[in-house]
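Q:
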Amino acid sequence: MGFNLRGAILQNVQNSTEEDVKATIADAMQSGEEKMLPGLGVLFEVYWKQADEQSKQEVISSISQGLQK
């Protein structure tokens with residue numbers, strides 16, 4: 002039986018406040034540790050599932066622009 006990393010991450014951040022989420026993202030970015038990448042990916046997935054098409058397009062444009070620099 003495999004370890005469900007996505008489920009473990011979701012359980013770990015369940016019921017987080019906006020400040021908690023902000024701190025989690027800031028910590029992951031500041032640490033620069035690759036082990037934080039799956040957590041950021043799960044947070045992005047949560048966002049993506051609830052975002053409307055306009056919000057998704059804005060994120061896509063922003064990421065695309067950031068990749069051009």
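Per the numbering used here, the very first residue in the sequence shown carries number 2; after that it's consecutive.
Glycine is no exception: its CB is placed at the ideal position from the N, C-alpha and C atoms.
How should Gly-40 be labelled, buried or exposed, when 16 other C-beta atoms within 10 angstroms of its C-beta is the threshold for buried?
A: Along the sequence shown, one-based indexing puts residue 40 at 39. By the 10 Å Cβ count, Gly-40 comes out buried.
Q: Can you give the beta carbon distance from Leu-38 to Ile-26, rounded, assuming they're within the 8 Å contact cut?
A: Working through the sequence shown from its first residue, we reach residue 38 at position 37. Working through the sequence shown from its first residue, we reach residue 26 at position 25. Actually they are not in contact, since the Cβ atoms of Leu-38 and Ile-26 sit about 12 Å apart, beyond 8 Å.
Q: Distance check for Glu-59 and Gln-69, CA to CA, integer angstroms please.
A: Taking the first residue of the sequence shown as position 1, residue 69 is located at position 68. Taking the first residue of the sequence shown as position 1, residue 59 is located at position 58. Roughly 16 Å between the two C-alpha positions.
Q: What separation, rounded to the nearest whole angstrom, lies between the Cα atoms of Ala-24 and Glu-34?
A: By 1-based counting over the sequence shown, the position of residue 24 is 23. By 1-based counting over the sequence shown, the position of residue 34 is 33. The straight-line gap from Cα to Cα measures roughly 15 Å.
Q: Could you tell me the distance, in whole angstroms, from the CA atom of Gln-14 to the CA atom of Val-22?
A: Indexing the sequence shown from 1 puts residue 14 at position 13. Indexing the sequence shown from 1 puts residue 22 at position 21. Looking at the sequence itself, residue 14 is Val, so the reference to Gln does not match. Val-14 and Val-22: Cα-Cα distance of roughly 8 Å.
Q: Quick one: complete beta strand (DSSP E) runs, 3+ long, within the stretch 17-48?
A: With a minimum length of 3 residues, no continuous beta strand (DSSP E) run stays inside the stretch 17-48.
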